[in-house]
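Quick note: the sequence shown uses my numbering, first residue 5, plus one each step.
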Amino acid sequence: MPDPKFIRNFSIVAHIDHGKSTLADRLLELTGTVSRREMKEQLLDAMDLERERGITIKAHPVSMKYKKNGQEYELNLIDTPGHVDFHYEVSRSLKCCEGALLLVDAFQGVEAQTVANAYAALEQDLTIIPVINKIDLTHARVDEVKEEIEHTLAMDRDEVIGCSAKTGLNCEAVLDAVIDRIQPPTGDPNAVLQAMVFDSVYDEYRGAVTYIRVMNGTVKKGQRIKFLQAGTTHDVIEIGQFTPRRVGREQLSAGQVGYIICNIKSLGNVHIGDTVTVAEGEPAAELPGYQEPKRMVFCGLYPSDGQDFEQLRDALNKLSINDPSFEFEPESSDALGFGFRCGFLGLLHMEIVQQRLEQDSDIDLVQTAPNVTYEITKVNGEELEVHTPQKVPDQGDIEEFRQPIVRVNFVLPTEYIGPIMKLCTDRRGEYIRTEYLSPTRAMLTYDLALADVIYDMHDKLKSATRGYGTMDYELLGYRPGDLVRLDILVKGDRIDALSIVCDRRDSEVRGRAVIKKLKQEIPRHMFEVPLQAAIGTRIIARETISAMRKNVTAKCYGGDITRKRKLWEKQKEGKKRMKSIGQVDIPQKAFLAVLETGEPEGQKK
């Protein structure tokens with residue numbers, strides 16, 4: 005049983021692409037946890053998608069042994085994602101640690117997510133060790149970045165460690181700092197068992213694998229344990245640590261991080277943030293869990309071939325087993341047939357789930373426009389939570405329409421402050437403050453509607469700042485807004501899949517843009533097809549697709565005009581009949597074209 009004072013639990017937090025996974029690779033190599041032969045880049049990123057995109061999606065724990073001054077220490081590292089969508093993974097990992105390495109790129113400096121992760125670590129009272137990575141780059145700005153860290157995060161510049169995770173330069177100093185500066189865990193190995201569940205994955209052969217951090221006591225193989233929140237009891241079949249593969253151990257004691265396998269058949273029975281304790285006798289106190297990750301972005305996923313509906317359901321079930329942070333429920337649409345309404349943490353999360361579905365199950369998907377959750381109070385006092393524009397009641401029934409508001413921090417070079425302020429003002433953002441991180445970089449803070457942020461804010465930010473700007477946002481809550489449901493009518497029929505919720509002041513521009521796009525994509529029919537955008541019963545935009553016209557008098561030459569008139573009348577009758585019974589065929593391409601943009605051509609930058 006290791007003495008808790010020789011254990012260190014820490015995680016690496018940073019902005020996306022600042023080198024977390026590479027530093028984790030070097031630490032594994034330095035501690036001899038992984039031999040050079042087994043070493044490969046991004047070793048802890050087990051998913052194919054993580055390697056393909058070069059980003060971390062899931063937090064990965066690993067236990068290392070390191071000798072300093074003849075004493076062996078156990079270092080438990082949890083590698084965390086850097087993208088704003090997976091911030092909940094970071095917060096879960098930090099709860100299991102006593103310290104964090106805050107990694108900053110020597111060229112890019114302090115970014116939006118760096119600040120967010122540093123504050124998240126401070127909230128948990130963790131010891132933060134600032135590390136500047138990539139100091140071997142020819143254009144590294146080490147002194148300026150130290151100044152940014154001191155100015156933004158109020159950390160002493162003398163405490164900053166410089167290293168290069170790629171070449172291994174000065175990485176030993178990082179390990180020494182972990183041992184010297186981070187507090188050992190405070191836990192009693194002889195107390196009643198109390199462990200925190202911080203993650204779980206599903207193994208096809210072993211069932212649910214539960215990741216735990218032991219706070220107090222000791223958990224042994226064969227012991228009977230209880231999950232307090234779920235209220236279930238199980239026998240521990242296997243127990244172990246990650247090195248980074250699963251390696252069996254006889255027991256885990258206070259301060260250690262590892263996994264337990266209890267023959268649990270479904271991940272639904274394992275609650276993240278639950279407390280594990282003994283089944284018999286007096287149980288330990290329940291630990292404060294985690295806040296449930298809130299799904300903020302919703303979209304419909306439909307199989308492009310209606311036959312694949314069951315296949316899509318199976319694929320979603322399978323995926324939700326390993327990623328409980330997204331949810332789905334069946335829905336149907338007149339235009340797209342049967343599909344599912346899915347909830348995600350953000351746009352990148354949505355993209356990744358879609359990519360995993362297409363790769364793993366080989367289904368061609370059609371995705372509707374992403375939208376956020378709205379809260380509505382009806383005139384009769386009823387409260388609604390709306391995930392799709394089709395469920396928005398008629399304008400007359402709504403007392404108050406509330407939308408999610410987020411606080412967005414933009415970190416950017418000072419010369420781009422003007423364009424970004426204009427961008428936020430155009431989206432009716434509320435200015436909060438400007439902070440200068442250094443003479444050349446600033447952090448702008450605005451309160452904006454989440455719908456505007458997920459719609460195209462990231463693309464606009466990147467183009468306005470030539471790729472140098474970064475953003476991070478946190479949800480503040482719901483606030484009332486002047487919102488309306490914009491309906492698209494084709495030949496007088498409302499097309500559910502094309503409805504959107506937008507601000508009343510944007511509605512005409514958005515409506516006109518959608519209709520123009522539809523006019524280009526819907527083929528001409530034998531009768532004219534009116535396209536309209538409407539708010540309630542008020543039509544705000546209209547275009548008409550003119551009818552195809554067959555020249556029925558082509559065979560008549562010369563002679564009496566009455567013959568031609570008769571043919572024209574007959575054609576007119578046929579067209580009238582066709583208009584009343586003819587169906588407008590809207591191709592799949594038209595839906596996709598509308599989803600790509602709701603913006604007039606002239607306004608595109």
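Don't be surprised by glycine CBs; every beta carbon is placed ideally from N, CA and C.
If we ignore side chains and look at the alpha-carbon of each, how far apart do residue i and residue j end up?
i	j	result
residue 33	residue 249	14 angstroms
residue 501	residue 381	24 angstroms
residue 257	residue 279	15 angstroms
residue 273	residue 457	35 angstroms
residue 143	residue 472	15 angstroms
residue 7	residue 159	31 angstroms
residue 298	residue 575	58 angstroms
residue 187	residue 16	16 angstroms
residue 541	residue 330	36 angstroms
residue 432	residue 404	19 angstroms
residue 219	residue 198	6 angstroms
residue 82	residue 181	17 angstroms
residue 105	residue 23	12 angstroms
residue 157	residue 205	35 angstroms
residue 513	residue 567	48 angstroms
residue 437	residue 406	24 angstroms
residue 283	residue 230	5 angstroms
residue 173	residue 167	5 angstroms
residue 408	residue 193	45 angstroms
residue 523	residue 553	18 angstroms
residue 178	residue 165	7 angstroms
May I ask you to report which of helix, strand or coil DSSP gives residue i?
i	result
residue 26	helix
residue 204	strand
residue 270	coil
residue 468	helix
residue 425	helix
residue 135	strand
residue 104	strand
residue 111	coil
residue 198	strand
residue 566	helix
residue 38	coil
residue 32	helix
residue 396	coil
residue 21	coil
residue 49	Legend: pLDDT at residue 49 = 45, less than 50; position of this residue unreliable, no value from coordinates given.
residue 457	helix
residue 590	coil
residue 160	coil
residue 7	coil
residue 321	helix
What residue range does the alpha helix (DSSP H) around residue i cover?
i	result
residue 156	146 to 157
residue 483	First-last for residue 483: 474 to 484, but that is the beta strand (DSSP E), not the alpha helix (DSSP H).
residue 511	511 to 525
residue 121	116 to 127
residue 442	Note, residue 442: premise wrong, no alpha helix (DSSP H); beta strand (DSSP E) at 434 to 442.
residue 390	That residue, residue 390, is in no alpha helix (DSSP H); its beta strand (DSSP E) goes 387 to 390.
residue 178	175 to 185
residue 356	351 to 365
Who are residue i's beta bridge partners in DSSP?
i	result
residue 337	341
residue 68	79
residue 552	Answer by DSSP bridge pairing: none, since residue 552 is not bridged.
residue 407	483
residue 414	448, 475
residue 534	548
residue 489	505
residue 168	173
residue 264	214, 243
residue 230	237, 281
residue 346	303, 332
Hey, could you find the ends of the beta strand (DSSP E) residue i is sitting in?
i	result
residue 238	236 to 239
residue 257	255 to 257
residue 218	211 to 220
residue 327	Element bounds for residue 327: n/a, residue is neither H nor E.
residue 369	369 to 371
residue 188	Careful: residue 188 lies outside any beta strand (DSSP E) and carries neither H nor E.
residue 18	11 to 18
residue 303	301 to 307
residue 99	Neither: residue 99 is in no beta strand (DSSP E) and is coded neither H nor E.
residue 379	378 to 382
residue 528	No beta strand (DSSP E) holds residue 528; DSSP gives it neither H nor E.
Is residue i close to chain C? Criterion is C-beta to C-beta, closer than 8 angstroms.
i	result
residue 404	In the structure shown, chain C does not exist; there is a single protein chain.
For the putative contact between residue i and residue j, defined by C-beta atoms under 8 angstroms, what is the C-beta separation to the nearest angstrom?
i	j	result
residue 303	residue 212	The Cβ separation is near 28 angstroms, so there is no contact.
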